[in-house]
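Asker:
Number of protein chains: 2
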Amino acid sequence: MTSPAEIPATARQSERLGELIEERIVTGVYPPGTRLDEQELADTFGVSRTPVREALIQLASVGLIEIKPRRGATVPEVGADRVCEMFEVMAELEAMCGRLAARRITPSEQLALQEAHRACEAARDANTPDIYYQLNEIFHQRIYEASHNGFLVEQATALHRRLRPYRRLQLRVRNRMATSFNEHQAIVDAIIKGDSELASALLRAHVTVQGERFADLVATLRDFKAGT
Amino acid sequence: MTSPAEIPATARQSERLGELIEERIVTGVYPPGTRLDEQELADTFGVSRTPVREALIQLASVGLIEIKPRRGATVPEVGADRVCEMFEVMAELEAMCGRLAARRITPSEQLALQEAHRACEAARDANTPDIYYQLNEIFHQRIYEASHNGFLVEQATALHRRLRPYRRLQLRVRNRMATSFNEHQAIVDAIIKGDSELASALLRAHVTVQGERFADLVATLRDFKAGT
DNA sequence: CCTGGCTATCTTGTATACACAACGGTGATT
DNA sequence: AATCACCGTTGTGTATACAAGATAGCCAGG
Numbered sequence: 140m141t142s143p144a145e146i147p148a149t150a151r152q153s154e155r156l157g158e159l160i161e162e163r164i165v166t167g168v169y170p171p172g173t174r175l176d177e178q179e180l181a182d183t184f185g186v187s188r189t190p191v192r193e194a195l196i197q198l199a200s201v202g203l204i205e206i207k208p209r210r211g212a213t214v215p216e217v218g219a220d221r222v223c224e225m226f227e228v229m230a231e232l233e234a235m236c237g238r239l240a241a242r243r244i245t246p247s248e249q250l251a252l253q254e255a256h257r258a259c260e261a262a263r264d265a266n267t268p269d270i271y272y273q274l275n276e277i278f279h280q281r282i283y284e285a286s287h288n289g290f291l292v293e294q295a296t297a298l299h300r301r302l303r304p305y306r307r308l309q310l311r312v313r314n315r316m317a318t319s320f321n322e323h324q325a326i327v328d329a330i331i332k333g334d335s336e337l338a339s340a341l342l343r344a345h346v347t348v349q350g351e352r353f354a355d356l357v358a359t360l361r362d363f364k365a366g367t
Numbered sequence: 140m141t142s143p144a145e146i147p148a149t150a151r152q153s154e155r156l157g158e159l160i161e162e163r164i165v166t167g168v169y170p171p172g173t174r175l176d177e178q179e180l181a182d183t184f185g186v187s188r189t190p191v192r193e194a195l196i197q198l199a200s201v202g203l204i205e206i207k208p209r210r211g212a213t214v215p216e217v218g219a220d221r222v223c224e225m226f227e228v229m230a231e232l233e234a235m236c237g238r239l240a241a242r243r244i245t246p247s248e249q250l251a252l253q254e255a256h257r258a259c260e261a262a263r264d265a266n267t268p269d270i271y272y273q274l275n276e277i278f279h280q281r282i283y284e285a286s287h288n289g290f291l292v293e294q295a296t297a298l299h300r301r302l303r304p305y306r307r308l309q310l311r312v313r314n315r316m317a318t319s320f321n322e323h324q325a326i327v328d329a330i331i332k333g334d335s336e337l338a339s340a341l342l343r344a345h346v347t348v349q350g351e352r353f354a355d356l357v358a359t360l361r362d363f364k365a366g367t
């Protein structure tokens, strides 16, 4: 039942399936608590259960879903505290990236970083949060890469991806875009100047504030829910 | 009334298989470069290919093996530089654990930490590196837990596991055990005292030195090989 | 009416079967 | 003799079939 020649069919289908399912999880199509029925997923994507299972196992080992023996896979209810913990770690990873980047960044990487930064500026001026959001990811990715630590880049990227949905919630917060950009400016300056400790501290604060804002948001929602 | 659990509850076999294969990888039974034939593994463990595949996929998503489409799974040749990168990240994670632990450790956790530390002391006095090695793991685990960040604990534990084989190499280095213990002592003092920055710095150095020692070891081996 | 146990059914976990791509060997051609 | 092409073998990727455990619904008993 393979689809007509639209996919090279050369790579494992489970690989592609994993990305598809991940996309549906982070975009909220499969909200937390959802039970992921293997047969159902198989029918949905027009494949058999085998690739679906492999995809699920892969997602589980990354922590995106939970598989309990004989009880199937579910999208975990990530508690707010859990997310805060993840932001705490993310802040440290980014701080580390910044510290290393300030020491190791190459001239061409400096250019790439500044270019990404200017792109963010354009999005800010255009007041397009969605665009800014995407460019922001590139900006941070540039910093990761400038750390010249491939393993760190992988870890930071993975966690960044995993936090994406929660960060997305903050897009509409008042003035967040402008504030974010100003913080970016200071970070760029510190890295270019080679001030590793400053870059580290700024990045840690930059990410930490996101975690705190997330916590605020959750608290607000809880109050709202309680007040109903 | 019936005996509750004498059999491992028949959780997924792939789970157990994964641990078995992982064990064989980190202990060097399957050295880097080994090609992992699915059928062969299936025969070895007396199961079919399906659980083996699932175990391999899980190991691959953790980075312990590499799976190339249509070309099977292999134990990757982790370059020395790669391992150094991992140690660099590990140092930072441990530093973070120490910083948080110094601020958040509870009295009972203090006792547990000191107990683990004293156990290490006994192993040092008995001059039993293998025992010390195991107790050292518990010691570090105690610090992780004292950070009161569950996600961080998971990440640190996972990376620690993955670095285990490379750390093991350093067991026989001269005086390593005594030096390690002294460093531990300073770390414990800093955490108990609540000096988060000191604890952080000490732990970073403690782990970094392991990475450097690994690099030295590799360099030595390379020279040795080149001299042949 | 509620509770407790039993069974029916559904879903996961494992095994087997099949399809196709990649690697290696052999033979023919230059 | 060397090179290239063709074919067989091997092993991965996917589908299907089968077995076992878990949940839920139902019936019986208190």
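Residue numbers (the working numbering), protein chains in the order written: chain A, 140 to 367; chain B, 140 to 367. By construction, the Cβ of each residue, glycine as well, lies at the ideal position given by its N, Cα and C atoms.
#1: With H, G and I counted as helix, E and B as strand and the rest as coil, what does DSSP make of I204(A)?
#2: For T213(A), report the span of its beta strand (DSSP E) as first-last.
#3: Anyone know if the C-beta pair for P190(A) and R151(A) falls short of 9 Å?
#4: Any Cβ of chain A within less than 9 Å of the Cβ of T318(B)?
#5: Give the residues from the region 212 to 242 of chain A that approach chain B closer than 7 Å (Cβ to any Cβ), ordered along the chain.
#6: If you pair each beta-carbon of the region 204 to 224 of chain B with each one of the region 319 to 337 of chain B, do three or more pairs fall below 8 Å?
#7: Closest by CA to P208(B), which one among V201(B), R192(B) and V217(B)?
#8: Candidates R263(A), G350(A), D362(A) and L360(A): which alpha carbon is nearest C223(A)'s?
#9: In chain order, what residues of the same chain lie with their CB nearer than 7 Å to the CB of V346(B), ignoring the 5 residues before and after it?
#10: Measuring only between beta-carbons, confirm whether Q178(A) sits less than 9 Å from chain B.
#11: From the DSSP secondary-structure annotation, give me the bridge partner or partners of R198(A).
#12: Given 8 Å as the limit, tell me if E284(A) has its C-beta closer than that to any heavy atom belonging to the ligand NAP.
#13: Taking a contact to mean a Cβ-Cβ separation below 9 Å, would you say G157(B) touches R301(B) in this structure?
#14: Using a Cβ-Cβ distance under 9 Å, would S142(B) count as near chain A?
#15: Let me make sure I understand the geometry here. Which of H256(B), Q197(B), G218(B) and Q273(B) has the alpha-carbon closest to that of R307(B)?
#16: With 16 as the cutoff for other CB atoms within 10 Å, does Q111(B) come out buried or exposed?
#17: I want to verify the contact list: residues of chain B whose CB lies under 7 Å from the CB of F290(A), in sequence order.
#18: I'd like the span of the alpha helix (DSSP H) that includes Y272(A), first residue to last.
#19: At a CB-CB cut-off below 7 Å, which residues of chain B make contact with A150(A)?
#20: Smallest Cα separation from S247(B): which of N288(B), I282(B) and N314(B)?
#21: Where DSSP assigns a beta bridge to R174(B), which residues make up the other side?
#22: For P170(B), which residues of its own chain have a beta-carbon under 8 Å away from its beta-carbon, when the five flanking residues on both sides are left out?
#23: Is the beta carbon of N288(A) less than 9 Å from the beta carbon of L239(A)?
#24: Report the CB separation of I330(A) from A340(A) in whole angstroms; it is logged as a contact under 8 Å.
#25: Take A194(B) and list the residues in its own chain whose beta-carbon comes closer than 7 Å to its own, dropping the five residues that flank it on each side.
#26: Which chain A residues are close to S200(B), counting only those with a beta carbon under 7 Å from its beta carbon?
#27: Rank E216(A), A297(A) and R243(A) by C-alpha distance to the C-alpha of D334(A) and give the top, closest one.
#28: Under 9 Å, do A181(B) and R188(B) count as touching if we go by C-beta distance?
#29: Please classify N275(B): is it buried, with 16 or more other beta-carbons within 10 angstroms of its beta-carbon, or exposed?
#30: How would you call Q294(B), buried or exposed, if buried means at least 16 neighbouring beta carbons within 10 angstroms?
#31: Considering only the alpha carbon of each residue, which of R313(B), V292(B) and A241(B) lies closest to Q280(B)?
Answerer: Taking the coordinates as given:
#1: DSSP places I204(A) in coil when its eight states are reduced to three.
#2: For T213(A), the enclosing beta strand (DSSP E) has its first and last residue at G211 to T213.
#3: yes
#4: no
#5: R221, E224, M225, E227, V228, E231 and M235
#6: By the C-beta criterion, the region 204 to 224 of chain B is judged not to be in contact with the region 319 to 337 of chain B, since fewer than 3 inter-stretch pairs fall below 8 Å.
#7: R192(B)
#8: G350(A)
#9: Around V346(B): F226, M229, A230 and E233.
#10: no
#11: For the record, residue 198(A) in the displayed sequence is Leu; it is not Arg. None; L198(A) has no bridge partner.
#12: Among the ligands in the structure shown, none appear at all, so the ligand NAP cannot be discussed.
#13: no
#14: Reliability fails at S142(B), whose pLDDT of 36 lies under 50, so the model's placement of it is uncertain and no value is given.
#15: Q273(B)
#16: Since the first and last residues shown for chain B are 140 and 367, residue 111(B) lies out of range.
#17: R221, E224, M225 and V228
#18: P268 to A285
#19: Within chain B, the residues near A150(A) are P208.
#20: I282(B)
#21: Answer is T213(B), bridged to R174(B).
#22: V214
#23: yes
#24: In fact, because the Cβ distance is near 12 Å, the residues do not count as touching under 8 Å.
#25: Excluding positions up to five away in sequence, the list reads S153, L156, G157 and I160.
#26: Near S200(B) (Cβ distances below 7 Å), the residues of chain A are Q197, S200 and V201.
#27: R243(A)
#28: yes
#29: buried
#30: buried
#31: V292(B)
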